[in-house]
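K.L.:
For the sequence shown, the UniProt record's numbering begins at 1 and goes up steadily by one.
Heads up, the beta-carbon is just placed ideally off N, CA and C, and yes, glycines get one too.
Only a predicted model underlies this, so the values are computations on that prediction, with no experimental measurement involved.
Here it is, the structure in full.
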Amino acid sequence: MKTFLTQFFTWWNSQTLGTRLHTWRYGSRVGQDEAGNVYYEGGIDSEGRTRRWVIYRNYSEASAIPPGWHGWIHHRVDIAPSSDDYRPRDWQKPHLPNLTGTPSAYRPKGSVLTNQHRPQVTGDYDAWTPGS
Numbered sequence: 001m002k003t004f005l006t007q008f009f010t011w012w013n014s015q016t017l018g019t020r021l022h023t024w025r026y027g028s029r030v031g032q033d034e035a036g037n038v039y040y041e042g043g044i045d046s047e048g049r050t051r052r053w054v055i056y057r058n059y060s061e062a063s064a065i066p067p068g069w070h071g072w073i074h075h076r077v078d079i080a081p082s083s084d085d086y087r088p089r090d091w092q093k094p095h096l097p098n099l100t101g102t103p104s105a106y107r108p109k110g111s112v113l114t115n116q117h118r119p120q121v122t123g124d125y126d127a128w129t130p131g132s
């Protein structure tokens with residue numbers, strides 16, 4: 001019952017009831033990533049391509065998609081990472097979640113959330129004033 005209510009009233013928590021019905025009717029499972037997100041394809045979109053979508057394991061967070069799956073879901077590559085033919089590029093780094101709002105977020109010098117001060121301007125900058 002909790003799953004039904006969650007899918008009926010929330011869009012940010014895995015999938016909605018409409019997405020579940022669409023996936024059941026048109027989707028074919030392509031694969032799953034290491035975070036537990038499941039990827040599907042089926043039907044045709046408005047540009048004539050195969051429609052692709054993801055069912056997130058937890059909250060719907062777009063930054064939770066690893067690079068290989070991101071390329072596949074946006075039609076940048078035709079081979080899904082679950083395929084035997086897929087090889088990640090040498091320059092691809094392992095997936096990191098979005099750290100915004102966490103203690104591990106990037107905070108440069110001068111940020112209000114750090115005790116560091118921004119370096120002083122060296123004098124090579126002249127502020128613009130109107131009419132000059």
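Considering Cα atoms alone, identify which of Trp69, Thr129 and Gly123 is closest to Ala35.
P.N.:
Residue numbering aside, residue 35 sits at position 35 when the sequence shown is read from its first letter. Closest option to Ala35, Cα to Cα, is Trp69.
K.L.:
Looking only at C-alpha atoms, which of Leu113, Gly31 and Lys109 sits nearest to Pro103?
P.N.:
For the purposes of this step, residue 103 is taken as residue 103 along the sequence shown, with counting starting at 1. Pro103 has its Cα closest to that of Leu113, out of Leu113, Gly31 and Lys109.
K.L.:
Please classify Ile44 as buried or exposed, where buried requires at least 16 other C-beta atoms within 10 Å of its C-beta.
P.N.:
By one-based count along the sequence shown, residue 44 stands at place 44. Classification of Ile44: exposed, given that the 10 Å Cβ count is below 16.
K.L.:
What is the residue span of the beta strand (DSSP E) that Ile55 lies within?
P.N.:
The residue labelled residue 55 in the question sits at position 55 within the sequence shown. Unbroken beta strand (DSSP E) run through Ile55: Thr50 to Ile55.
K.L.:
If Asn98 sits next to Ile65, beta carbons under 8 Å apart, how far is it from one beta carbon to the other, in whole angstroms?
P.N.:
Mapped onto the sequence shown, residue 98 falls at position 98. Mapped onto the sequence shown, residue 65 falls at position 65. Their Cβ separation, rounded to whole angstroms, is 11 Å, which puts Asn98 and Ile65 out of contact at 8 Å.
K.L.:
With 16 other CB atoms within 10 Å as the buried threshold, where does Gln15 fall?
P.N.:
What you label residue 15 is simply residue 15 of the sequence shown in a count that begins at 1. With 16 or more other Cβ atoms within 10 Å, it is buried.
K.L.:
Taking Cβ to Cβ, would you say Trp72 is nearer than 7 Å to Ala80?
P.N.:
Here residue 72 corresponds to residue number 72 of the sequence shown, with the count starting at 1. Here residue 80 corresponds to residue number 80 of the sequence shown, with the count starting at 1. Against a cut-off of 7 Å, the Cβ pair of Ala80 and Trp72 comes out as a contact.
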